[in-house]
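Asks:
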Amino acid sequence: MVFANFMNLCQFDPTEVYQWFMEMFIDSYDWVMVPNVYGMSSFADGGKMSTKPYISGSNYLKK
Numbered sequence: 001m002v003f004a005n006f007m008n009l010c011q012f013d014p015t016e017v018y019q020w021f022m023e024m025f026i027d028s029y030d031w032v033m034v035p036n037v038y039g040m041s042s043f044a045d046g047g048k049m050s051t052k053p054y055i056s057g058s059n060y061l062k063k
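Just so we're aligned: 18 in UniProt numbering is position 18 of the sequence shown, and the numbers increase by one with no gaps anywhere.
1) Is residue 14 near residue 38, with beta carbons less than 7 Å apart?
2) Have a look at 59, 1, 43 and 57 and flag the residue whose alpha-carbon is nearest the alpha-carbon of residue 11.
3) Among the residues of its own chain, which have a CB less than 7 Å from the CB of residue 8, if the five just before and after it don't count?
4) What's the C-alpha gap between residue 18 and residue 5?
5) Under the rule that 16 or more other beta-carbon atoms within 10 Å means buried, what is residue 36, buried or exposed?
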């Protein structure tokens, strides 16, 4: 979530974000990463999965 927040705020290309997660984490599978990266973290699906980009506030991250 922290990485996705950072990459979204810095306007990383969603395909590059997806590729990075797939290369860096052994438990990254397509069925999880595609909706999480394109749907939630980068809002690249045009609002099909969520109504707004998923950005966490500092209070949520501190928990």
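Note that the Cβ used here is the ideal one computed from N, Cα and C, for glycine as well.
Replies: Reading from the atomic positions:
1) yes
2) 43
3) Beyond the five residues adjoining it in sequence on each side, residue 8 comes within less than 7 Å, by CB distance, of 41, 42, 53 and 55 in the same chain, given in chain order.
4) 13 Å
5) Answer is buried; the Cβ neighbour count reaches 16.
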